[in-house]
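Everything on this sheet refers to the single structure shown next.
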Amino acid sequence: AQSVTQLDSQVPVFEEAPVELRCNYSSSVSVYLFWYVQYPNQGLQLLLKYLSGSTLVKGINGFEAEFNKSQTSFHLRKPSVHISDTAEYFCAVSLRGFQKLVFGTGTRLLVSP
Amino acid sequence: KAGVTQTPRYLIKTRGQQVTLSCSPISGHRSVSWYQQTPGQGLQFLFEYFSETQRNKGNFPGRFSGRQFSNSRSEMNVSTLELGDSALYLCASGLDPAGQDRLFGAGTRLSVL
């Protein structure tokens, strides 16, 4: 079975500061890795995904993530955050060949001026 | 290109009633998956369908059921509603079951009184 751990439930940060949201996963087989963002009263929007190949993945809104197989991590980073980045961020994995996603518990990013 | 459409957006029911939620995937998409989101349990997988066949099912009681029609639209049904069924129900559609792509709808917020 697969599992995802997001160690930080909440990350406060000042505007224009860098941020890293941590994600660790567990799986005995290869998986796809995803980061989603959720704004209040909305669905999930895909930020980026790792399927294979280059371990550094660039996504929308200036976000990027690095897949580290040895540490089973997929941390999300942004060099300079904006107020509008305030939202809930979810890390997720899926088995290759299936639509089912297993989600972490989410990290609330709070950006203040 | 229209996105994933979930209807209704909001729903209020009382304990013991049943409810049916609808999901219309993006045109051409044949894979649909459903998730329940609650503050306590987070995002949990319910079902996954492809070409009218259920490929995967989450760990939910038999009161939760679903189906997919020949036009790829999907419905999920919850019978004998309990207070704990209050949640945001999210649907995602994908081109195929490979798991590389999926787009989420805005969700249906169900309140059980």
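Read top to bottom, the protein sequences are chains X and C. Read in order, the letters of the first sequence are residues 1115 to 1227 in our numbering. Read in order, the letters of the second sequence are residues 44 to 156 in our numbering. For glycine and all other residues, C-beta sits at the position ideal for the given N, C-alpha and C.
- Taking a Cβ-Cβ cut-off of 8 Å, the neighbours of residue 1146 of chain X in chain C comprise 142 and 143, given in sequence order.
- Chain C places a beta carbon closer than 7 Å to that of residue 1208 of chain X, counting this residue as a contact.
- Around the beta carbon of residue 151 of chain C, 16 or more other beta carbons sit within 10 angstroms, so the residue counts as buried.
- For the options X/1128, X/1143, X/1131 and X/1155, the alpha carbon positioned closest to that of residue 1202 of chain X is the one of X/1155.
- The beta carbon of residue 1225 of chain X is closer than 7 Å to those of 1127, 1129, 1195, 1196, 1197, 1199 and 1200 in its chain, skipping five residues each way along the sequence.
- The alpha-carbon separation between residue 1209 of chain X and residue 1116 of chain X amounts to approximately 8 Å.
- Listed in chain order, the positions of the stretch 1192-1219 of chain X with a beta carbon within less than 9 Å of a beta carbon of chain C are 1204, 1206, 1208, 1209, 1210, 1211, 1212, 1213, 1214, 1215, 1216, 1217, 1218 and 1219.
- With a cutoff of 7 Å on beta-carbon distance, residue 122 of chain C and residue 154 of chain C are scored as not near each other.
- Taking a Cβ-Cβ cut-off of 8 Å, the neighbours of residue 1165 of chain X in chain C comprise 143, given in sequence order.
- Counting the other Cβ atoms within 10 Å of the Cβ of residue 52 of chain C gives fewer than 16, which makes it exposed.
- Nearest to residue 125 of chain C by C-alpha distance, out of C/62, C/136, C/85 and C/71, is C/62.
- Residue 1121 of chain X sits in coil when the DSSP states are folded into three classes, being neither helix nor strand.
- Using a Cβ distance threshold of 7 Å, residue 1172 of chain X and residue 1180 of chain X do not count as a contacting pair.
- Take the alpha-carbon of residue 1142 of chain X and the one of residue 1223 of chain X: they are about 30 Å apart.
- Between residue 73 of chain C and residue 117 of chain C the beta-carbon gap is near 11 Å, outside 8 Å, which marks them as no contact.
- For residue 1157 of chain X, the chain C residues whose Cβ falls inside 7 Å of its Cβ are 133, 147, 148, 149 and 150, in order along the chain.
- Scanning C/46, C/47 and C/140 for the CA closest to the CA of residue 95 of chain C turns up C/140.
- No Cβ-Cβ contact shorter than 7 Å links residue 1186 of chain X with residue 1120 of chain X.
- Secondary structure of residue 71 of chain C (DSSP, three-state): coil.
- Residue 1198 of chain X sits in a helix when the DSSP states are folded into three classes.
- For residue 1145 of chain X, the enclosing beta strand (DSSP E) has its first and last residue at 1145-1152.
- Below the 9 Å Cβ cutoff, chain X contributes 1212, 1213 and 1214 as neighbours of residue 98 of chain C, in chain order.
- Across the set X/1213, X/1157 and X/1124, the C-alpha of X/1124 shows the shortest separation from the C-alpha of residue 1133 of chain X.
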